[in-house]
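Enquirer:
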Amino acid sequence: MKNSSYYSTFLKLLVLQSLVVVILCKSKQHKDFDFFYFVQQWPGAYCNAKGHHCCYPKSGKPEADFGIHGLWPNYEDGSYPSNCDRTNFFDESEVEDLESRLITEWPSLSCPSSDGMRFWSHEWNKHGTCAESILDQRSYFMAALNLKNQTNLLQALKDGGIEPNDEFYNLEDIKQAIQAGTGFEPWIECNRDADRNSQLFQVYMCVDTTGNSLIECPVRPRGNCASRILFPSF
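Taking mature numbering (1 follows the signal peptide of the UniProt record, and there is no 0), I'd label the letters of the sequence shown as residues -25 to -1, 1 to 209.
1) Would a check of beta-carbon distances place Gly186 closer than 8 Å to chain C?
2) When the distance is taken between beta carbons, is Ser96 closer than 8 Å to Lys32?
3) Pull up the DSSP beta-bridge partners for Ser173, would you.
4) If I measure Cβ to Cβ from Val14 and keep anything under 6 Å in the same chain, skipping five residues before and after, which residues do I get?
5) On a Cα-Cα basis, can you pick out the residue from Thr157, Leu110, Phe11, Gly158 that is closest to Ser54?
6) Using only CA atoms, which one of Ser108, Asp134, Glu142 lies nearest to Thr185?
7) For His5, which of helix, strand or coil comes out of DSSP?
8) Taking the alpha carbon of Cys165 as the point to measure from, which residue in Gly136, Gly135, Lys150, Trp81 has its own alpha carbon closest?
9) Applying the criterion that 16 or more other CB atoms from any shown protein chain within 10 Å of the CB defines a buried residue, is His28 buried or exposed?
10) I need the straight-line Cα distance from Leu205 to Asp90, nearest angstrom please.
11) Let me know the secondary structure DSSP gives Asn127 once reduced to three states.
12) With H, G and I counted as helix, E and B as strand and the rest as coil, what does DSSP make of Glu98?
13) Whose C-alpha, out of Ala118, Glu98, Gly198, Pro207, is nearest the C-alpha of Asp170?
14) Use the C-beta contact count for Ile163: other C-beta atoms within 10 angstroms, 16 or more gives buried, fewer gives exposed.
15) Restricting to runs no shorter than 3 residues, where is the beta strand (DSSP E) found entirely within the region 18 to 101?
16) With a CB to CB cut of under 7 Å and the five nearest residues on each side skipped, what residues in its chain are close to Asp40?
17) State the DSSP-derived secondary structure class of Leu189, mapped to helix, strand or coil.
18) Do you know offhand how far Glu71's Cα is from Phe209's?
Structure follows, in C-alpha cells:
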C-alpha cells in the first residue's frame, strides 16, 4: 500500500510538473514581441546616399514626403523576431483596397523599378508575420498607414522651421520638432551622401503592441548621426 501511495503521488507530481512546463512554454511562445518600431525614410537621403542608387516606382517619382519603411516588432532587450510564419505568405488580395495608398505612402525606391509588391511582401514576410496574432495582414498594413498620418513628420519638421532644402540643422532641433508634433521623442538614423555629409535618413517612432498608439521607446538603436545633419531635397 505504501508503495502504491508513493507511486500515485509521484505520478501526480510528474503530471503537474509537465503541465507547468507546457503552460510556461506556451506563455513564452505567445509573448511575440514587446513593441513596434515604426520606421519612415526620407527619399532624398535614400537616393543620394554614397555608392547607392534608387529607382522610382513604376507609378512615377514619389512625393517629397517621408515614406513608410516598415512596422517592426521588437523586444525590450534590443533583439527582434523575424520570419515567424513561413506558411503565411504575403497575399496581394488582402490589401487590394489599400493599394493606392500603399503606392503613395509606402513606395519602393529599390532597383529595378517596381510596383511595390516585392517591398510590401518582404515587410510582411519578415516582420508582419511576427505580429499576426494581433494584426492580420490587412490590419498590419492599415496600422502603418494610419501611423504615417498620425505622425505627419514632414509637417512637424516644417512647423519647427526645418525644411528639406539641402541645409544643415542641429540634430537636437530635429528631434525636438518631431517630439513637439507627435508628443514622443524619435530616434534618428543617418546615412552619408556622396560628399560624406551625415544626413537625415530614417525616423524611428515606438508603438504599442496593438499597432495603434505611439509610446516612449523602451530601447533605441545605437546612434550614428553627427550633431549637425543635412536635410537633402528630393
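Note that CB positions come from ideal geometry on N, CA and C, so glycine has one too.
Expert: Concretely, from the data shown:
1) No chain C appears in the structure shown, which is made up of a single protein chain.
2) As a position in the sequence shown, residue 32 is number 57, starting the count at 1. As a position in the sequence shown, residue 96 is number 121, starting the count at 1. Residue 32 is actually Pro in this sequence, not Lys. Cβ atoms of Pro32 and Ser96: not closer than 8 Å.
3) Here residue 173 refers to the residue found at position 198 when the sequence shown is read from its first residue. Ser173 pairs with Arg167.
4) Here residue 14 refers to the residue found at position 39 when the sequence shown is read from its first residue. Excluding positions up to five away in sequence, the list reads His44, Gly45, Gln177, Tyr179.
5) Reading the sequence shown from its first residue, position 79 is the one you call residue 54. Closest by C-alpha distance to Ser54, out of Thr157, Leu110, Phe11, Gly158, is Phe11.
6) For the purposes of this step, residue 185 is taken as the residue at position 210 of the sequence shown. Of the listed residues, the one whose Cα sits closest to Thr185 is Ser108.
7) One-based indexing of the sequence shown puts residue 5 at position 30. Summary for His5: the model assigns pLDDT 42, below 50, so the residue's position carries little reliability; its value from the coordinates is reported in the next sentence. Residue state, collapsed to three classes: helix.
8) In the sequence shown, the residue the question calls residue 165 occupies position 190. The shortest C-alpha separation from Cys165 is found at Lys150.
9) As a working note, residue 28 is residue 53 in the sequence shown. Flag for His28 reads exposed.
10) By 1-based counting over the sequence shown, the position of residue 205 is 230. By 1-based counting over the sequence shown, the position of residue 90 is 115. Leu205 and Asp90: Cα-Cα distance of roughly 29 Å.
11) Along the sequence shown, read from residue 1 onward, the residue named residue 127 stands at position 152. Residue state, collapsed to three classes: coil.
12) Position 123 of the sequence shown, counted from the first residue, corresponds to residue 98. The DSSP-derived three-state label of Glu98 is helix.
13) Here residue 170 refers to the residue found at position 195 of the sequence shown. Residue Pro207 is the option with its Cα nearest to Asp170.
14) As a working note, residue 163 is residue 188 in the sequence shown. With 16 or more other Cβ atoms within 10 Å, it is buried.
15) Runs found: 42 to 49.
16) By one-based count along the sequence shown, residue 40 stands at place 65. Closer than 7 Å at the Cβ level, and outside the excluded window around Asp40, lie Leu129.
17) Residue mapping note: residue 189 aligns to position 214 of the sequence shown, counting from 1. Note: Leu189 maps to strand in three-state DSSP.
18) Against the sequence shown, residue 71 aligns to sequence position 96. Against the sequence shown, residue 209 aligns to sequence position 234. If I take the Cα positions, the gap works out to 29 Å.
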